[in-house]
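Residue numbers (our numbering), protein chains in the order written: chain A, 195 to 535; chain B, 29 to 579. Yeah, the Cβ is synthetic: ideal placement off N, Cα and C, and Gly gets one too. Heads up: the structure comes next, in structure tokens.
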Amino acid sequence: MAAVSDQLLVVAILSYLVAMVCHAAEYAFGMHGAVARAATRQAARARELVTAGGGPSVVETVPDAPSASDLPDAPEVPGGSDTPAAPVPDRARLAGRAAVVVTVIAALAHLGCLVARGIAADRVPWGNMYEFVLAVSFVGAAAWLVVLFRWPNLRHLGLFVALTEVVLLGIAGMVLATPVVPLEPALNSYWLAVHVTAAVFASGTFLVGFVAGAMYLIRSGYEQGKRRFPYSLGPRVPKSEALERLAFRLHAFAFPIWTFAVIAGAIWAEAAWGRYWGWDPKETWAFISWVVYAGYLHARATPSVRRSTATWIAMLGWATMLMNLFGVNLFMSGFHSYSGL
Amino acid sequence: MPAADDAGRNPSRSALSVDTRPEVAPAVPPPPRRAGPGSRLLALARNSWRQLTSMRTALVLLFLLAVAAIPGSVLPQRNINADKVNQYFIDHPDLAPVLDRLRAFDVFASPWFSAIYLLLFTSLLGCIVPRLRDHVRALRRMPPDAPRRLDRLPQHAAAVEREGEPAAVADGLRAMLRRRGVWPGWRAVVRRHDDGTLTVSAEKGYLKETGNLLFHISLVAVLVGVAYGSWYGWHGNRLVVAGPDTAFCNTLQQYDDYGLGPRIDAGSLPGFCVELTDFRASYLDNGQAESYTAVASVSGPDVPDRTGVEFSVNDPLRLPGANVYLLGHGYAPILRYTDRFGQSQTAVVPFLASDAMLTSEGVAAFPDANVDPATGERDPLQQVAFEGLYLPTTPDDPSVGRSAFPAERNPGLLLWAYRGDLGMDAGIPDSVYRLNQSAIDAGRLKRVGDMKLLRVGESMTLDDGTKVEFLGTRPYAAVSIRHDPGERIVLGSVVLLLVGLMLSLTGKRRRIWFRVSPSTTPGSSMIEAGGLPRTDYPGFADEFRSIVRKE
Numbered sequence: 195m196a197a198v199s200d201q202l203l204v205v206a207i208l209s210y211l212v213a214m215v216c217h218a219a220e221y222a223f224g225m226h227g228a229v230a231r232a233a234t235r236q237a238a239r240a241r242e243l244v245t246a247g248g249g250p251s252v253v254e255t256v257p258d259a260p261s262a263s264d265l266p267d268a269p270e271v272p273g274g275s276d277t278p279a280a281p282v283p284d285r286a287r288l289a290g291r292a293a294v295v296v297t298v299i300a301a302l303a304h305l306g307c308l309v310a311r312g313i314a315a316d317r318v319p320w321g322n323m324y325e326f327v328l329a330v331s332f333v334g335a336a337a338w339l340v341v342l343f344r345w346p347n348l349r350h351l352g353l354f355v356a357l358t359e360v361v362l363l364g365i366a367g368m369v370l371a372t373p374v375v376p377l378e379p380a381l382n383s384y385w386l387a388v389h390v391t392a393a394v395f396a397s398g399t400f401l402v403g404f405v406a407g408a409m410y411l412i413r414s415g416y417e418q419g420k421r422r423f424p425y426s427l428g429p430r431v432p433k434s435e436a437l438e439r440l441a442f443r444l445h446a447f448a449f450p451i452w453t454f455a456v457i458a459g460a461i462w463a464e465a466a467w468g469r470y471w472g473w474d475p476k477e478t479w480a481f482i483s484w485v486v487y488a489g490y491l492h493a494r495a496t497p498s499v500r501r502s503t504a505t506w507i508a509m510l511g512w513a514t515m516l517m518n519l520f521g522v523n524l525f526m527s528g529f530h531s532y533s534g535l
Numbered sequence: 029m030p031a032a033d034d035a036g037r038n039p040s041r042s043a044l045s046v047d048t049r050p051e052v053a054p055a056v057p058p059p060p061r062r063a064g065p066g067s068r069l070l071a072l073a074r075n076s077w078r079q080l081t082s083m084r085t086a087l088v089l090l091f092l093l094a095v096a097a098i099p100g101s102v103l104p105q106r107n108i109n110a111d112k113v114n115q116y117f118i119d120h121p122d123l124a125p126v127l128d129r130l131r132a133f134d135v136f137a138s139p140w141f142s143a144i145y146l147l148l149f150t151s152l153l154g155c156i157v158p159r160l161r162d163h164v165r166a167l168r169r170m171p172p173d174a175p176r177r178l179d180r181l182p183q184h185a186a187a188v189e190r191e192g193e194p195a196a197v198a199d200g201l202r203a204m205l206r207r208r209g210v211w212p213g214w215r216a217v218v219r220r221h222d223d224g225t226l227t228v229s230a231e232k233g234y235l236k237e238t239g240n241l242l243f244h245i246s247l248v249a250v251l252v253g254v255a256y257g258s259w260y261g262w263h264g265n266r267l268v269v270a271g272p273d274t275a276f277c278n279t280l281q282q283y284d285d286y287g288l289g290p291r292i293d294a295g296s297l298p299g300f301c302v303e304l305t306d307f308r309a310s311y312l313d314n315g316q317a318e319s320y321t322a323v324a325s326v327s328g329p330d331v332p333d334r335t336g337v338e339f340s341v342n343d344p345l346r347l348p349g350a351n352v353y354l355l356g357h358g359y360a361p362i363l364r365y366t367d368r369f370g371q372s373q374t375a376v377v378p379f380l381a382s383d384a385m386l387t388s389e390g391v392a393a394f395p396d397a398n399v400d401p402a403t404g405e406r407d408p409l410q411q412v413a414f415e416g417l418y419l420p421t422t423p424d425d426p427s428v429g430r431s432a433f434p435a436e437r438n439p440g441l442l443l444w445a446y447r448g449d450l451g452m453d454a455g456i457p458d459s460v461y462r463l464n465q466s467a468i469d470a471g472r473l474k475r476v477g478d479m480k481l482l483r484v485g486e487s488m489t490l491d492d493g494t495k496v497e498f499l500g501t502r503p504y505a506a507v508s509i510r511h512d513p514g515e516r517i518v519l520g521s522v523v524l525l526l527v528g529l530m531l532s533l534t535g536k537r538r539r540i541w542f543r544v545s546p547s548t549t550p551g552s553s554m555i556e557a558g559g560l561p562r563t564d565y566p567g568f569a570d571e572f573r574s575i576v577r578k579e
């Protein structure tokens with residue numbers, strides 16, 4: 195079963211990679227992609243040549259207007275439907291749909307990988323850092339599919355989700371992988387299932403919330419006229435208001451789960467170590483994340499704080515989560531040193 | 029009433045204001061010219077208080093709290109691992125004293141960390157007390173009357189005609205709203221106006237603010253529980269070797285280290301004794317531990333006598349007034365030393381494990397060896413000690429000095445003998461797991477002979493004819509005995525905190541008004557409706573439409 199799990203991990207990584215390529219293809223061939231732009235630009239130039247003899251040239255057909263790009267699936271093609279680029283978005287949409295299908299396949303392989311691991315170890319499959327990363331990234335993928343199901347026009351974000359999944363699973367498979375072993379006595383408690391499951395769910399949801407928040411910042415930066423690299427992705431993501439609301443709802447959903455994870459951890463710590471809170475590095479960083487996300491929710495609820503400022507606090511929150519997952523496990527020793535590294 | 033009226037008249041603003049904390053501290057009007065120093069001081073105090081309780085300040089304090097916690101995870105902390113702090117002092121002799129003066133090794137007990145959270149909690153109280161008052165008032169009052177122009181509200185349904193006298197229609201609307209939705213439904217009231225119209229005012233979502241207040245009050249309760257626990261709690265740690273002669277009782281003298289809350293005195297600890305009767309450990313083939321179980325007998329005046337009680341890593345021994353936690357375990361070799369006068373002494377010495385295979389190090393000291401039984405005279409240079417390395421499973425090549433497995437499959441004890449002045453009489457506290465290095469350096473304590481590997485039952489004879497025997501081992505357990513009376517307060521508070529959090533994040537405060545006026549057709553009424561979401565609630569339009577369609 196352990197071997198099955200390892201093979202399914204490879205399948206999952208490759209599928210996420212394929213999904214990523216499909217999303218990238220959608221970008222490239224989409225109506226705002228480089229190909230479409232080149233095509234419309236050519237068309238515009240052709241028209242310019244036609245009209246060169248008499249009257250002013252028609253330069254403004256070059257599609258840089260963000261107004262039509264509020265929805266990725268907006269039917270109208272900038273620059274007019276008479277351009278040769280018209281059939282291209284169909285191919286792009288096909289690539290986008292294929293990406294979603296492949297993402298579903300990848301998530302299923304991902305789930306299979308976790309289940310097989312759990313069967314092989316005869317316990318919940320999150321007893322060390324490798325398994326924890328696998329579980330968190332699966333929740334991230336599942337949360338993403340739920341979001342996609344409810345708001346299909348967010349599909350473009352899939353590129354970043356797939357990218358994150360490939361990176362996380364790649365790190366897990368190459369750096370963190372450990373053979374299947376039973377739990378050590380300290381972890382052998384039903385609180386493992388409660389505490390770590392809650393932490394996994396909260397982290398996975400925060401992950402998707404982070405992606406939505408980052409996209410919002412890119413989009414709102416673009417809307418304010420910034421054109422440097424990350425902001426140049428702006429026209430390809432949905433309207434900033436919708437993204438911001440999505441990011442908030444994901445964080446508001448994850449925050450109580452995270453609170454519960456910390457509480458369950460404290461109850462377990464009381465039974466295992468004799469105190470419910472001892473400022474162990476993991477506990478400290480869980481506390482820091484909690485405080486930062488609480489700050490985000492408060493800032494979000496305060497009208498005088500700009501939404502982009504609030505979202506930056508959420509980004510900071512995700513940085514503290516990453517610090518807790520990687521920094522604390524790899525560089526700090528404490529009671530939570532079960533990473534299996 | 030002003031807040032409610034404001035909400036009714038200025039929907040665009042109040043729809044946004046989710047939180048009623050002042051966004052920025054409002055400026056206090058300048059004091060009158062003839063104000064004395066007293067009133068100026070009062071104005072300053074009032075201004076500072078407003079500043080402190082503003083949302084901006086609370087956010088800054090939250091952020092500061094997060095930042096202040098970081099050094100606590102990066103630098104070693106005394107309350108977690110004092111040895112690491114000492115090591116840090118050795119590694120960074122210049123930096124460490126400076127950091128220490130900043131209390132960087134006791135971050136969570138430092139004045140600056142306390143200052144941040146105390147200010148934060150003061151700010152919190154300054155915010156929730158007025159909000160609590162307002163909320164209680166709002167709960168006791170009926171929803172405010174409809175604004176004059178319902179069409180100015182974010183949701184509006186133009187007047188339609190319905191059959192029935194206005195009074196009956198309004199009562200019907202009120203009943204419909206009260207029944208609607210999950211408990212507790214809408215709070216609704218009918219008001220009769222002089223011009224013959226009636227208004228139905230309804231509000232829902234009070235639980236959001238209730239949850240919000242519950243969350244914040246619970247936070248204060250958590251802090252109270254933590255403070256109570258640290259005042260009246262206590263803990264002690266020690267190693268307990270298995271056997272009736274090595275049992276211990278719950279007094280501070282018997283602990284290796286302990287901590288006592290400031291409001292509790294040593295005499296009030298519950299009286300009980302614990303004897304470790306057995307210790308069972310099981311391991312996988314690769315040496316990874318699978319389970320540990322300690323078996324103990326408990327007796328004493330303050331707890332019922334029990335024998336054969338088991339406790340393990342995730343399952344502490346819970347006694348009235350104290351819990352016994354199993355934190356670690358190891359082996360204690362038993363050594364019998366027979367001195368030159370033929371006097372034998374036996375020592376059971378816990379050795380500390382230095383790796384996962386339980387390779388253990390320790391020292392057996394016999395400071396009272398070679399005392400002439402006839403004269404009672406003691407030669408201070410004839411004290412004896414043995415430095416040992418215990419290998420529960422001795423590898424084929426014992427000189428590796430590492431155990432091959434944590435269980436005692438092939439026990440062996442590597443011993444080095446020392447004779448001379450152990451340096452224990454100087455009264456300087458020293459580790460019981462190591463020999464006094466300064467005595468060795470000064471040549472007062474000398475090694476005798478070579479290292480020898482002893483199996484159970486074997487002995488080693490020193491150059492002066494004295495003999496040491498390795499009789500076997502006993503398991504020991506490292507236990508922590510703790511009592512924290514604040515735990516229950518904290519647990520109860522965090523449960524309420526979670527409930528409050530979920531209510532406040534999912535709740536939606538909103539108001540609906542109907543204006544029912546007599547129609548030109550006798551026996552009919554005109555109904556106009558308006559709705560106002562008081563919190564960020566994108567689904568309100570749908571809800572409003574479905575309610576209006578029902579009426």
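Residue-level contact check: Val295 (chain A) does not touch chain B, since none of the beta carbons of chain B fall below 8 angstroms from its beta carbon.
Annotation: the continuous beta strand (DSSP E) that includes Pro561 (chain B) extends over 552–561.
Under the 10 Å beta carbon count, Glu303 (chain B) is surrounded by 16 or more other beta carbons and is classified as buried. The C-alpha of Val352 (chain B) lies about 28 angstroms from the C-alpha of Trp479 (chain A). By the CB criterion at 8 angstroms, Pro171 (chain B) and Leu560 (chain B) fall outside the cutoff. Rounded to the nearest angstrom, the Cβ distance from Ser483 (chain A) to Met515 (chain A) is 5 angstroms, consistent with a contact under 8 angstroms. Looking at the backbone, the Cα of Glu338 (chain B) and that of Ala275 (chain B) are separated by about 16 angstroms. Comparing alpha-carbon positions, the option among B:Leu355, B:Val412, B:Asn342, B:Ala350 lying closest to Thr374 (chain B) turns out to be B:Val412. For Met509 (chain A), the closest Cβ of chain B is not nearer than 8 angstroms. Here the alpha carbons of Asp111 (chain B) and Leu130 (chain B) stand approximately 19 angstroms from one another. With 16 or more neighbouring CB atoms inside 10 Å of its own CB, Ala310 (chain A) falls in the buried class.
With respect to Phe447 (chain A), Thr399 (chain A) sits close: the two C-beta atoms are nearer than 8 angstroms. Just so you know, the alpha carbons of Ala124 (chain B) and Ala97 (chain B) end up roughly 18 angstroms apart.
At a beta-carbon threshold of 9 angstroms, none of the residues of chain B lie near His530 (chain A); the nearest stands roughly 11 angstroms away.
Rounded to the nearest whole angstrom, the C-alpha separation of Gly315 (chain B) and Ala384 (chain B) is 8 angstroms. Its Cα nearest to that of Ala435 (chain B), the residue B:Ala381 stands out among B:Gln281, B:Gly66, B:Ala381.
Just measuring C-alpha positions, the residue of A:His389, A:Trp462, A:Leu357 sitting nearest Ala335 (chain A) is A:Leu357. Taking C-beta atoms under 8 angstroms as the contact rule, Arg562 (chain B) and Arg543 (chain B) fail to qualify, at a distance of about 20 angstroms. By the neighbour-count criterion, in which a residue is buried when 16 or more other Cβ atoms sit within 10 angstroms of its Cβ, Phe449 (chain A) is buried. Contact annotation, Val390 (chain A) with Phe326 (chain A): C-beta distance approximately 7 angstroms; criterion of less than 8 angstroms satisfied.
DSSP, read as helix, strand or coil, puts Pro346 (chain A) in helix. The beta carbon of Glu318 (chain B) falls within 8 angstroms of a beta carbon belonging to chain A, placing the residue at that interface. Within the region 334–364 of chain B, the residues whose Cβ lies closer than 8 angstroms to some Cβ of chain A are Ser340, Val341, Asn342, Asp343, Pro344, Asn351, Tyr353, Leu355, listed in chain order. Judged by DSSP secondary structure, Ser101 (chain B) falls within the alpha helix (DSSP H) whose first and last residues are 83–102.
Taking the CA atoms as reference points, Leu288 (chain A) sits about 13 angstroms from Val215 (chain A). Per the C-alpha coordinates, the member of B:Leu205, B:Ile468, B:Leu241, B:Ala143 positioned closest to Leu153 (chain B) is B:Leu241. For Thr549 (chain B), the number of other beta carbons within 10 angstroms of its own is below 16, and it is reported as exposed.
Considering only beta carbons, the part of the region 446–458 of chain A lying closer than 9 angstroms to chain B consists of Ala446, Phe447, Phe449, Pro450, Thr453, Phe454, Val456, Ile457, in chain order.
Residue nearest to Val326 (chain B) within the set B:Glu318, B:Cys277, B:Ile540, B:Tyr283 is B:Cys277 (criterion: CA-CA distance). Under a 10 Å Cβ-count criterion, Gly451 (chain B) is classified as buried, with 16 or more other Cβ atoms of the shown protein chains found around its own Cβ. Separation of Leu146 (chain B) and Val499 (chain A) (C-alpha to C-alpha, rounded to the nearest whole angstrom) is 24 angstroms. No residue range can be given for Met195 (chain A), since it is assigned to no beta strand (DSSP E) and is classified by DSSP as neither H nor E. The C-alpha of Val522 (chain B) is placed about 30 angstroms away from the C-alpha of Arg215 (chain B).
A straight line joining the alpha-carbon of Gly403 (chain A) with that of Phe442 (chain A) spans about 7 angstroms.
If you draw a straight line from the Cα of Phe141 (chain B) to the Cα of Trp444 (chain B), it is about 49 angstroms long.
Around Leu167 (chain B), the same chain offers Tyr234 as residues with beta carbons nearer than 7 angstroms, after the five sequence neighbours per side are excluded.
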